[in-house]
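Participant: Encoded as structure tokens, here's the structure I'll be asking about.
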Amino acid sequence: MTHEVQGVVARHTGAPVSVETILVPDPGPGEALVKVLACGVCHTDLHYREGAIGNDFPFLLGHEAAGIVEAVGPDVQDVAPGDFVILNWRAVCGRCRACRRGEPWYCFDTHNATQQMQLTDGTPLTPALGIGAFAEKTLVAAGQCTKVPEVRPEAAGLLGCGLMAGLGAALNTAPVRRGQSVAVIGCGGVGDAAIAGAHLAGAARIIAVDIDDRKLELARTFGATHTLNSRTDDPVAGIRALTDGFGADVVIDAVGRPETYLQAFEARDLAGVVVLVGVPAPGTTVELPLLDVFGRGGALKSSWYGDCLPSRDFPILIDLYRQGRLDLDSFVTETIALSEVEKAFAKMHSGEVLRSVVVF
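The sequence shown begins at 1 in full-length UniProt numbering and counts up by one.
This is the structure we're talking about:
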């Protein structure tokens with residue numbers, strides 16, 4: 001059986017997205033059909049529309065999603081129809097060298113659904129991050145479904161990408177320890193999630209850095225103890241001044257530009273940690289003084305999806321949300337209809353929102 005649903009499609013580089021009828025097949029072996037309840041509008045979707053992540057148009061956009069499993073393939077055991085799930089884009093294989101050595105969060109052979117969703121004329125769609133959740137229903141690999149207790153889907157779905165990236169950068173990649181000083185450069189959704197993660201970990205001092213005073217004020221609600229506007233103040237000098245002249249124990253770059261990475265590198269203490277979680281543009285390079293790389297010690301790390309294991313981390317974070325210790329609701333700036341995704345891209349680009357969330 002094929003399901004006809006409405007979904008947001010990017011047909012050409014830079015062209016406005018459109019809501020179109022798409023065909024979603026019933027799940028085959030290893031697959032799950034999910035009724036999408038909510039899906040966040042992420043910068044990654046805009047990157048797909050702009051052609052910055054491959055050229056496999058047309059794309060079915062959307063990936064920060066929560067929903068209900070409607071059907072599963074004949075061999076699926078971990079999820080069942082009726083389960084409330086958060087979708088993830090790293091379904092671990094359990095067989096690659098990372099999985100075999102006990103580090104499945106680095107899985108090098110993650111997988112997606114085998115069958116393709118299509119336009120009504122038979123054109124195959126490329127789902128964003130293997131998910132394609134700006135649609136009433138989507139087909140994914142069963143391993144991309146993480147069962148959690150049912151909560152507000154607009155909030156839960158954001159763990160599927162951006163918020164997990166930021167939280168995981170602080171909690172998993174760094175990892176931040178109780179009493180440490182942390183600076184976060186870039187206070188969008190990912191940066192604010194990193195601030196929330198540092199707060200959860202018990203950081204004593206959390207310094208938010210951005211060029212927008214509105215974002216800096218919001219960062220305080222997620223746990224920032226100090227703020228620096230890098231448009232008017234030198235962030236490196238500011239971070240050092242707020243850490244007794246030493247620099248922060250952990251600096252998280254949630255922007256991913258050469259200048260912000262250099263700021264992070266220069267603003268960390270001896271033996272400190274730099275974590276890159278902002279996604280750099282293709283072709284971006286950075287030049288570092290090698291003697292300082294050696295002399296400062298510590299570590300320069302990249303955070304892949306917050307180095308998360310969805311089956312482990314999503315339920316833990318949802319429990320913290322239910323306990324009132326992790327405010328996922330504050331990341332939801334507005335809820336919108338499927339037809340408003342293009343407008344949401346403009347708002348996101350201008351910094352008006354942390355997350356617009358499509359609700360079905």
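A virtual CB, placed ideally from N, CA and C, is assigned to each residue, including glycine.
Small disclaimer: the values here were computed from a predicted structure and weren't measured.
When you compare the region 282–294 with the region 223–233, are there three or more beta-carbon pairs, one atom per stretch, that lie closer than 8 Å?
Facilitator: No, the region 282–294 does not touch the region 223–233.
Participant: Taking 7 Å as the threshold (C-beta atoms), are F59 and A128 in contact?
Facilitator: Sequence index remark: in the sequence shown, residue 128 carries index 128 (1-based). Sequence index remark: in the sequence shown, residue 59 carries index 59 (1-based). In contact: A128 and F59 (Cβ atoms closer than 7 Å).
Participant: Is the distance from the Cβ of T146 to the Cβ of V85 below 7 Å?
Facilitator: For the purposes of this step, residue 146 is identified with residue 146 of the sequence shown, where counting begins at 1. For the purposes of this step, residue 85 is identified with residue 85 of the sequence shown, where counting begins at 1. Cβ atoms of T146 and V85: closer than 7 Å.
Participant: Along the chain, which unbroken stretches of the alpha helix (DSSP H) at least 4 residues long are found entirely within the region 248–329?
Facilitator: The region 248–329 contains these whole alpha helix (DSSP H) runs: 258–266, 290–296 and 310–322.
Participant: If contact is defined by three or more beta carbon pairs under 8 Å, each pair taking one atom from either stretch, is the region 61–73 in contact with the region 30–39?
Facilitator: Touching, yes.
Participant: Could you pull out every unbroken beta strand (DSSP E) segment of at least 3 residues lying fully inside the region 148–230, listed in chain order?
Facilitator: You should have 181–185, 205–210 and 226–229.
Participant: Applying the criterion that 16 or more other CB atoms from any shown protein chain within 10 Å of the CB defines a buried residue, is E154 buried or exposed?
Facilitator: For the purposes of this step, residue 154 is identified with residue 154 of the sequence shown, where counting begins at 1. By the neighbour-count rule (16 or more Cβ atoms within 10 Å), E154 is buried.
Participant: Let me know if F294 comes out buried or exposed under the rule of 16 or more other beta-carbons within 10 Å of its beta-carbon.
Facilitator: Your numbering for residue 294 matches position 294 in the sequence shown. Label assigned to F294: exposed.
Participant: Alpha carbon to alpha carbon, what distance is there between A344 and E50?
Facilitator: Start at 1 with the first residue of the sequence shown, and residue 50 comes out as number 50. Start at 1 with the first residue of the sequence shown, and residue 344 comes out as number 344. One C-alpha to the other measures close to 15 Å.
Participant: For T110, count neighbouring C-beta atoms within 10 Å of its own C-beta (all shown protein chains included) and say buried if the count is 16 or more, exposed if not.
Facilitator: Numbered from 1 along the sequence shown, position 110 holds the residue referred to as residue 110. So T110 ends up on the buried side.
Participant: Which same chain residues end up closer than 8 Å to S339 when comparing Cβ atoms and leaving out the 5 residues on each side of it in sequence?
Facilitator: If you number the sequence shown from 1, residue 339 lands on position 339. The answer, listed in chain order, is V19.
Participant: If you draw a straight line from the C-alpha of I252 to the C-alpha of P235, how long is it?
Facilitator: Start at 1 with the first residue of the sequence shown, and residue 252 comes out as number 252. Start at 1 with the first residue of the sequence shown, and residue 235 comes out as number 235. Those two C-alpha atoms are separated by around 13 Å.
Participant: Look up H111 in the DSSP assignment and say whether it is helix, strand or coil.
Facilitator: Residue numbering aside, residue 111 sits at position 111 when the sequence shown is read from its first letter. Strand.
Participant: Suppose contacts are defined by Cβ-Cβ distances below 7 Å. Is Q6 in contact with E136 by that definition?
Facilitator: By one-based count along the sequence shown, residue 6 stands at place 6. By one-based count along the sequence shown, residue 136 stands at place 136. Yes, the pair counts as a contact, with Cβ atoms nearer than the cut-off.
Participant: Going by Cα to Cα distance, which pick from R11, D78, G157 and N172 is closest to V357?
Facilitator: In the sequence shown, the residue the question calls residue 357 occupies position 357. Checked all of R11, D78, G157 and N172; the closest Cα to V357 is G157.
Participant: Just the C-alpha distance for D213 and V275, rounded to the nearest angstrom, thanks.
Facilitator: Locating residue 213 in the sequence shown gives position 213, where the first residue counts as 1. Locating residue 275 in the sequence shown gives position 275, where the first residue counts as 1. The alpha-carbon atoms of D213 and V275 are separated by roughly 23 Å.
Participant: Within 10 angstroms of its Cβ, does T243 collect 16 or more other Cβ (buried), or is it exposed?
Facilitator: Here the question's residue 243 lines up with position 243 in the sequence shown. So T243 counts as buried.
Participant: Out of Q77, G132 and S302, which one is the CA nearest neighbour of G168?
Facilitator: Translated into positions along the sequence shown, residue 168 becomes position 168. For the residues Q77, G132 and S302, the minimum Cα distance to G168 belongs to S302.
Participant: Work out the CA separation of V353 and K347 for me, nearest whole Å.
Facilitator: Counting from 1 along the sequence shown, the entry for residue 347 is found at position 347. Counting from 1 along the sequence shown, the entry for residue 353 is found at position 353. C-alpha separation (whole angstroms): 6 Å.
Participant: Cβ of R355 within 7 Å of Cβ of G130?
Facilitator: What you label residue 355 is simply residue 355 of the sequence shown in a count that begins at 1. What you label residue 130 is simply residue 130 of the sequence shown in a count that begins at 1. No, the Cβ-Cβ distance between R355 and G130 is not below 7 Å.
Participant: Return helix, strand or coil for L129, following the three-state DSSP convention.
Facilitator: For this step, residue 129 is matched to residue 129 along the sequence shown. Of the three classes helix, strand and coil, the one that applies to L129 here is helix, per DSSP.
Participant: Would you call the CB atoms of A165 and D192 closer than 7 Å?
Facilitator: One-based indexing of the sequence shown puts residue 165 at position 165. One-based indexing of the sequence shown puts residue 192 at position 192. Their beta carbons are not under 7 Å apart, which means A165 does not touch D192 by this criterion.
Participant: If G223 and I207 are in contact, beta carbons under 8 Å, what's the gap, nearest whole angstrom?
Facilitator: As a first step, residue 223 is located in the sequence shown; it is residue number 223 there, counting from the start. As a first step, residue 207 is located in the sequence shown; it is residue number 207 there, counting from the start. The pair is not a contact, with the Cβ atoms about 11 Å apart (cut-off 8 Å).
Participant: May I ask you to report which of helix, strand or coil DSSP gives V332?
Facilitator: As a first step, residue 332 must be located in the sequence shown, where it is residue number 332. If DSSP states are grouped into helix, strand and coil, V332 belongs with coil.
Participant: For L61 versus V8, is the C-beta spacing smaller than 7 Å?
Facilitator: To locate residue 61, count along the sequence shown from 1; it is residue 61. To locate residue 8, count along the sequence shown from 1; it is residue 8. Cβ distance < 7 Å, so L61 and V8 count as in contact.
Participant: Within 10 angstroms of the Cβ of A271, are there 16 or more other Cβ atoms? Answer buried if so, exposed if not.
Facilitator: Within the sequence shown, numbered from 1, the residue matching residue 271 stands at position 271. Looking at its Cβ environment, which holds fewer than 16 other Cβ atoms inside 10 Å, A271 is exposed.
Participant: On the DSSP bridge assignment, give the partners of A65 in chain order.
Facilitator: Within the sequence shown, the letter at position 65 stands for residue 65. Partner(s): C39.
Participant: Taking L119 as the reference, which of G306, V279 and E4 has the closest Cα?
Facilitator: If you number the sequence shown from 1, residue 119 lands on position 119. Checking every option, the nearest Cα to that of L119 belongs to E4.
Participant: Go ahead and pull the three-state DSSP assignment for residue 364.
Facilitator: Look at the range of the chain in this structure, 1 to 360, and you will see that residue 364 is not part of it.
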